[in-house]
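Read the structure below first, then the notes.
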Amino acid sequence: MRTTNYPLRVPASIMGEAKKAAAQDGVSLNQFISTALAEKVSALRAEAVLRERAERADRRKFDEVISRAGGTPPREGDEAPGH
1 MRTTNYPLRV PASIMGEAKK AAAQDGVSLN QFISTALAEK VSALRAEAVL RERAERADRR
61 KFDEVISRAG GTPPREGDEA PGH
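Going letter by letter, the sequence shown gives residues 1 to 83 in UniProt numbering.
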């Protein structure tokens with residue numbers, strides 16, 4: 001994996017919390033920040049994919065499929081929690 005350097009300016013309060021969190025996780029501050037950044041980028045990508053899929057959705061097809069759902073109760077083990 002190729003790495004790059006970036007001079008990051010972070011408010012002191014956030015840096016303090018990041019250092020504490022990294023220590024609690026048993027990782028370096030660099031690893032903690034890299035992981036946090038990767039998680040954010042991943043979330044943004046997932047949001048974009050879901051938005052694109054929603055834009056392609058066909059409400060009539062959805063309603064048609066849902067209308068075909070049977071009235072039989074769920075099989076054992078398929079019940080919703082708490083039901």
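Glycine residues also receive a C-beta, built at the ideal position from the N, C-alpha and C atoms. Remember, it's a predicted structure, so these values are computed and weren't measured experimentally.
Quiz item: Buried or exposed: residue 32, going by 16 or more other Cβ atoms within 10 Å of its Cβ?
Solution: buried
Quiz prompt | Three-state secondary structure (DSSP) of residue 9 | solution = Under the three-state reduction of DSSP output, residue 9 falls in the coil class, being neither helix nor strand.
Quiz item: Under a three-way DSSP split, which group does residue 16 fall into?
Solution: helix
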